[in-house]
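K.L.:
Below is a structure I'd like to ask you about.
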Amino acid sequence: MNEQKLPASSERDKVENKQQPDVSANQQSSAEQSTDTTKRQGQTGSLPPGVKVPTQDKAEHKHKSSEKGLCPICGHKNRPGVLICENCGTSLIAGQPSLVGTRNIPEDEEKADDDDAAPKVPTPSEFTPFEKDMVLRLEIEGTSTAVIVQPTKEIILGRPDPNTGTKPDIDLTPHAGYRMGVSRRHAAIRLQDKQLNIADLGSSNGTYVNGVRLSAHWPSQINDGDEIRLGQMTFKLQFVKASPEDPDSNNNA
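In my numbering, each number is its position in the sequence shown, counted from 1, plus 7.
Following this line, the structure appears as structure tokens:
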């Protein structure tokens, strides 16, 4: 009978090593893939499935704003890096329309009543007739600036809307209207039978007469010496005789 000779110990080891898969090579490949994945996660952060990371060019374009910080609407020079005009609220990002409406200001006074509640109207001060030869002088508190108004049937105070092109009769943008919380259509001053009234037009930050906030669309009588406030912009009213130098509309004085 022929006997089968078994390989020597060293030869058996070689045979077994050839039959076993190269585990170390597979482990090394998996480790390299894990390292690449970790690097990618470190660069982009933990993102939900389906979220695309913008390329560098797109990200730079998205945050590109006016190099000089000049507002294309009001011409205000803003601080470096500002994306929204600090004066009028216009977007400074190239190619992007203005999406900013009115700057909301935290309430520090009592809010206006609900629409179904009784309207809030301040007690009128001593009546002052507004004669034909008069103009209304609105002195802006804390400045040496005044707005001269020749009231007609209705005068709208507010800020322009660059998206629609509409403009109020009295543009308060040059007087930091956006920063002070003035709405696009904030309030209306009306003249009837030698009497001036003011009405809030549903503004975001309210219209006040002598410290009392008006209910929206309810007119309140205003007289010489009264104080009105649009958002945080406060005016002192003066009924003054018109002069030849007075303009036909609002002006700085």
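Ideal Cβ positions, reconstructed from N, Cα and C, are used throughout, including at glycine.
Can you look up residue 159 in the DSSP assignment and give me helix, strand or coil?
P.N.:
In the sequence shown, counting from the first residue as 1, residue 159 sits at position 152. Coil.
K.L.:
Who are the Cβ neighbours of residue 239 in its own chain at under 8 Å, not counting the five residues just before and after it?
P.N.:
In the sequence shown, residue 239 corresponds to position 232, counting from 1. Answer for residue 239: 112, 187, 188, 212, listed in chain order.
K.L.:
Just the C-alpha distance for residue 134 and residue 227, rounded to the nearest angstrom, thanks.
P.N.:
Sequence index remark: in the sequence shown, residue 134 carries index 127 (1-based). Sequence index remark: in the sequence shown, residue 227 carries index 220 (1-based). Taking the straight line joining both Cα atoms gives about 12 Å.
K.L.:
I'd like to confirm the pairing. Which residues does DSSP put opposite residue 214 in its beta bridges?
P.N.:
Residue numbering aside, residue 214 sits at position 207 when the sequence shown is read from its first letter. Residue 214 is bridged to 237.
K.L.:
Comparing C-alpha positions only, which one of 141, 250, 194 sits nearest to residue 216?
P.N.:
The residue given as residue 216 occupies position 209 in the sequence shown. Ranking 141, 250, 194 by Cα distance to residue 216 puts 194 first.
K.L.:
Here's a check: name, in chain order, each residue in its chain whose Cβ is nearer than 8 Å to the Cβ of residue 242, leaving out the five neighbours to either side.
P.N.:
Reading the sequence shown from its first residue, position 235 is the one you call residue 242. The residues are 145, 146, 147, 148, 154, 234, 235, 236.
K.L.:
Give the secondary structure of residue 224 by DSSP, where H, G and I count as helix, E and B as strand, and everything else as coil.
P.N.:
On the sequence shown, residue 224 is found 217 positions in, with the first residue counted as 1. Correct three-state label for residue 224: coil.
K.L.:
Excluding sequence positions up to five away, which residues of its chain have a Cβ less than 8 Å from the Cβ of residue 182?
P.N.:
The residue you call residue 182 lines up with position 175 of the sequence shown. So the list reads 147, 150, 152, 154, 240, once near-sequence residues are dropped.
K.L.:
Starting from residue 142, trace the beta strand (DSSP E) both ways and give me its first and last residue.
P.N.:
As a working mapping, residue 142 is identified with position 135 in the sequence shown. Residues 141-147.
K.L.:
Give me the Cα-Cα distance between residue 179 and residue 222, rounded to the nearest whole angstrom.
P.N.:
Here residue 179 is taken as the residue at index 172 of the sequence shown, counted from 1. Here residue 222 is taken as the residue at index 215 of the sequence shown, counted from 1. Straight-line Cα distance between these residues: approximately 22 Å.
K.L.:
Can you confirm whether residue 217, when its beta carbon is compared against all beta carbons of chain C, has any partner nearer than 8 Å?
P.N.:
In summary, chain C is missing from the structure at hand, where a single protein chain is found.
K.L.:
Cα separation between residue 207 and residue 166?
P.N.:
Numbered from its first residue, the sequence shown carries residue 207 at position 200. Numbered from its first residue, the sequence shown carries residue 166 at position 159. Each residue's Cα considered, the two are about 14 Å apart.
K.L.:
Measure from the alpha carbon of residue 160 to the alpha carbon of each residue in 79, 196, 249, then state which is nearest.
P.N.:
One-based indexing of the sequence shown puts residue 160 at position 153. Residue 196 is the option with its Cα nearest to residue 160.
K.L.:
In whole angstroms, give me the CA-to-CA distance for residue 95 and residue 142.
P.N.:
The residue you call residue 95 lines up with position 88 of the sequence shown. The residue you call residue 142 lines up with position 135 of the sequence shown. So the alpha carbons of these two residues sit roughly 27 Å apart.
K.L.:
So which of 77, 169, 230 has the shortest CA-CA distance to residue 201?
P.N.:
Residue 201 sits at position 194 when you count from the first residue of the sequence shown. Of the listed residues, the one whose Cα sits closest to residue 201 is 230.
K.L.:
Name, in chain order, the residues that DSSP records as bridge partners for residue 165.
P.N.:
The residue you call residue 165 lines up with position 158 of the sequence shown. 178, 192.
K.L.:
Locate the beta strand (DSSP E) running through residue 230, then write down its first and last residues.
P.N.:
Against the sequence shown, residue 230 aligns to sequence position 223. Taken as a continuous stretch (DSSP letters only), residue 230 belongs to no beta strand (DSSP E), as it is neither H nor E.
K.L.:
What three-state label does DSSP hand residue 197 in the structure shown?
P.N.:
Taking the first residue of the sequence shown as 1, we reach residue 197 at position 190. Correct three-state label for residue 197: strand.
K.L.:
Specify the secondary structure class of residue 98 as computed by DSSP and reduced to three states.
P.N.:
Locating residue 98 in the sequence shown gives position 91, counting from the first residue. Reduced to three states, the DSSP call for residue 98 is strand.
K.L.:
With burial defined as no fewer than 16 other Cβ atoms inside 10 Å of the residue's Cβ, what is the status of residue 250: buried or exposed?
P.N.:
Translated into positions along the sequence shown, residue 250 becomes position 243. With fewer than 16 other Cβ atoms within 10 Å, it is exposed.
K.L.:
Near residue 87, which residues of its chain fall below 8 Å by C-beta distance, leaving aside the five closest residues on each side in sequence?
P.N.:
For this step, residue 87 is matched to residue 80 along the sequence shown. Taken in chain order, the residues that qualify are 76.
K.L.:
Using three-state DSSP, classify residue 204 as helix, strand or coil.
P.N.:
For the purposes of this step, residue 204 is taken as the residue at position 197 of the sequence shown. Three-state result, residue 204: strand.
K.L.:
Please confirm whether residue 136 and residue 198 have their CB atoms less than 8 Å apart.
P.N.:
Numbered from its first residue, the sequence shown carries residue 136 at position 129. Numbered from its first residue, the sequence shown carries residue 198 at position 191. Against a cut-off of 8 Å, the Cβ pair of residue 198 and residue 136 comes out as no contact.
K.L.:
If you drop the 5 nearest sequence neighbours on each side, which residues of the same chain put their C-beta closer than 8 Å to that of residue 224?
P.N.:
Taking the sequence shown and counting its residues from 1, the one referred to as residue 224 is at position 217. So the list reads 206, 207, 208, 209, once near-sequence residues are dropped.
K.L.:
Let me check understanding here. Comparing Cα to Cα, which of 80, 191, 92 lies closest to residue 174?
P.N.:
Reading the sequence shown from its first residue, position 167 is the one you call residue 174. Nearest C-alpha to residue 174: 191.
K.L.:
With DSSP run on the structure shown, which of helix, strand or coil describes residue 134?
P.N.:
For the purposes of this step, residue 134 is taken as the residue at position 127 of the sequence shown. Correct three-state label for residue 134: coil.
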